[in-house]
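Chemist: Those protein sequences? They're chains U and P, same order as listed. Here the first sequence is numbered in our numbering, starting from 1 and rising by one per residue. Here the second sequence is numbered in our numbering, starting from 1001 and rising by one per residue. Heads up, the beta-carbon is just placed ideally off N, CA and C, and yes, glycines get one too. Below is one structure. I have some questions about it.
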Amino acid sequence: MTALLELDGVRKWFGGLHAVDDVSFAVERGEILGLIGPNGAGKTTLFNLINGVYTPDAGRIVFDGTDIAGEKPYRIARHGLARAHQIVQPLANMTVLENCMVGACFGRENLPLARAHEAALEAIAIAGLEDRRATLAMHLTIAAKKRLELARALAGRPWLLLLDEVLAGLNPTEVEHMIGIIGRIRARGVTILMIEHLMQAIMSLSDRIVVLDFGEKLAEGLPSEVSRDPLVIEAYLGDPKLAAELQRGS
Amino acid sequence: MPDALLQVEALEAGYGEVQVLWGVSLNAGSGQLTAIVGANGAGKTTMLRAIAGTIAPWRGRVTFQGKDVTRLPTNVKSARGFALVPEGRQLFSAMTVDENLELGAFSKRAARNYSQRLDQAFSVFPRLAERRRQIAGTLSGGEQQMLALARGLMSDPEILIIDEMSLGLAPVLVCQLFMTLKTLKEAGLTILLVEQNVHLALAVSDYAYVLAEGRVFTEGLPAVLAAKPEIRRAYLGM
């Protein structure tokens, strides 16, 4: 069985800034792969390359056997690759149900309205938004908006879900709730690639972790391996040489 | 620990609907250098903003010299002796070095002994004395950071609150700046510092707080913290 998503030598430069530089890794079917790295490491840029917001300067992005690098986002959504964004922007004047139906209509299966309705209801149930079904998106709390963002992506019945900081800004109870939702999505066989700054959460949710730093892949492995990797620790805690120099100087 | 010049109790703050700080308490001891470290998104900058008053705290209390200053506007805080050196320096980049320093001494408190303060700023940063008429935006990154610190000093602060001064600077400059902070502290200034590089923060501080996910994950004397696995856990989750 081949990997669901394979990145091979993917590169995106913005002028002199090497936002993503020769990154290769694979997302296996059914797994949760966590993507971590300090600010500016290139995580969101990588998501933008995977779902077609940007075209890579080099490299291949193979999804379910097809090279999708450079395809338009709406085409990539049709392949079964959905994304929940960090900054949620629901269709404010539409209800939760309608938002999810839009997700279903433009998702993998190109559903007619009646079937989109079904898919939307299913996604709403998974995200625990049943009681808000008829609420206008603009009237939701931030936590509910984040769940709607996930439900909208899920309504397209994707094979692969990209989650960009879906836990950010939630209180501890809401975080627990969202972790439960992610677990339920994974139990349905959806593969997940997620970016998250809440380290405890991502380390416990993920089967494997890829660490980016300055646009390059710094490490890849089990959560317990990467969290003890000296290169990773230095990327997060900073270079120890400076402090040593400072103490010598004083 | 000596008397706390600044006390923060159960501070909560955020932006719009998004809460970033979930009840953070910390003290900055008089004449000490207190460091706040933590991964991206831990709430370090938000903490400094809520203390300095550039954003309004949602809940909690900030006490300075024994008085509640939680809701005071920034200009009043500045007049009481708060100075914030923001991340990214935020200089008046079309103005000269001199003009930036003059604006640093905008409050009545600072205007009192202006020339004396200016001399002091130049003695701390002789490089700036050589560049008084230069437009701030044309200074090197290190010089700009010096100017941002000097501008903070011009306000005659009781406490200097510094956000990420090492970002993007060459190591030798970073060392120089941190040596300067030590000197300032030894002269009696209270400093509250946010720093990305944990090792640096622990090397210069008298006490340190580790933030994670908008809370104090752990705190203590630098030497004690450096020996514990908590910091790695705060940054890497396990």
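Under the rule that 16 or more other beta-carbon atoms within 10 Å means buried, what is U:Met-138, buried or exposed?
Modeler: Counting Cβ neighbours within 10 Å, U:Met-138 comes out exposed, since fewer than 16 surround it.
Chemist: In the structure shown, what three-state DSSP assignment does U:Arg-60 receive?
Modeler: Looking at U:Arg-60 - three-state DSSP - the assignment turns out to be strand.
Chemist: Would you verify that the beta carbon of U:Gln-247 is, or is not, closer than 8 Å to some beta carbon of chain P?
Modeler: Yes, U:Gln-247 lies at the interface with chain P (some Cβ there is under 8 Å from its Cβ).
Chemist: Assuming the contact rule is C-beta atoms closer than 8 Å, U:Leu-231 and U:Ala-219 should be a hit. Round their C-beta distance to whole Å, please.
Modeler: The pair is a contact, with the Cβ atoms about 6 Å apart (cut-off 8 Å).
Chemist: Excluding the 5 residues preceding and the 5 following P:Met-1001 in the sequence, name in chain order all residues of the same chain whose CB lies nearer than 6 Å to its CB.
Modeler: The predicted model places P:Met-1001 with a pLDDT of 49, which falls under 50 and marks its position as unreliable; any figure quoted below should be read in that light. For P:Met-1001, where only same-chain residues beyond five positions count, the Cβ hits under 6 Å are Gly-1029.
Chemist: Report the rounded CA-to-CA distance for P:Thr-1063 versus P:Glu-1143, giving the unit in angstroms.
Modeler: The straight-line gap from Cα to Cα measures roughly 33 Å.
Chemist: Which full runs of the alpha helix (DSSP H) of 4+ residues lie inside the segment 213-247 of chain U, going along the chain?
Modeler: Correct list: 223-226, 230-237.
Chemist: Tell me the DSSP secondary structure of U:Leu-33 in three-state form.
Modeler: Of the three classes helix, strand and coil, the one that applies to U:Leu-33 here is strand, per DSSP.
Chemist: Buried or exposed: where does U:Asn-48 fall if 16 or more other Cβ atoms within 10 Å of its Cβ makes it buried?
Modeler: Classification of U:Asn-48: buried, given that the 10 Å Cβ count is 16 or more.
Chemist: Is P:Thr-1183 helix, strand or coil by DSSP?
Modeler: The answer is helix: DSSP assigns P:Thr-1183 an H, G or I state.
Chemist: Within 10 angstroms of its Cβ, does P:Leu-1181 collect 16 or more other Cβ (buried), or is it exposed?
Modeler: Buried is the call here.
Chemist: Does U:Ala-69 have its Cβ less than 8 Å from a Cβ in chain P?
Modeler: With 8 Å as the cut-off, U:Ala-69 does not count as an interface residue toward chain P.
Chemist: For U:Thr-66, write down the residues that DSSP places opposite it in a beta bridge.
Modeler: U:Phe-63.
Chemist: For chain P, find out if any of its Cβ atoms is closer than 8 Å to the Cβ of U:Pro-38; answer yes or no.
Modeler: For U:Pro-38, the answer is yes, since a Cβ of chain P falls inside 8 Å of its Cβ.
Chemist: Could you please give me the residues that DSSP links to P:Lys-1077 through a beta bridge?
Modeler: BP columns for P:Lys-1077 are empty, so no partner.
Chemist: Work out the CA separation of P:Arg-1151 and P:Ala-1111 for me, nearest whole Å.
Modeler: So the alpha carbons of these two residues sit roughly 13 Å apart.
Chemist: Using a Cβ-Cβ cutoff of less than 7 Å, which residues in the same chain neighbour P:Leu-1139 once the five nearest sequence positions on both sides are dropped?
Modeler: Excluding residues within five positions, the ones whose Cβ falls inside 7 Å are Arg-1131, Leu-1147.
Chemist: By the criterion of Cβ-Cβ separation under 9 Å, what are the contact partners of P:Arg-1232 in chain U?
Modeler: Those within 9 Å of P:Arg-1232 in chain U are Ser-227, Arg-228, Ile-233, Tyr-236, Leu-237.
Chemist: For P:Ala-1039, tell me which candidate among U:Glu-225, U:Pro-223, U:His-197, U:Arg-208 has the shortest Cα-Cα distance.
Modeler: Ranking the options by Cα distance to P:Ala-1039, first place goes to U:His-197.
Chemist: Comparing C-alpha positions only, which one of U:Ala-104, U:Asn-93, U:Val-27, U:Leu-163 sits nearest to U:Val-84?
Modeler: The question names Val, yet the displayed sequence has Ala at residue 84 of chain U. The option with the nearest alpha carbon to U:Ala-84 is U:Leu-163.
Chemist: For U:Leu-136, decide whether its Cβ has a neighbour in chain P, counting only Cβ atoms nearer than 8 Å.
Modeler: Not an interface residue.
Chemist: Closer than 8 Å is the cut-off here; do at least three beta carbon pairs connect the segment 1219-1231 of chain P with the segment 20-28 of chain U?
Modeler: Result no; under three Cβ-Cβ pairs closer than 8 Å.
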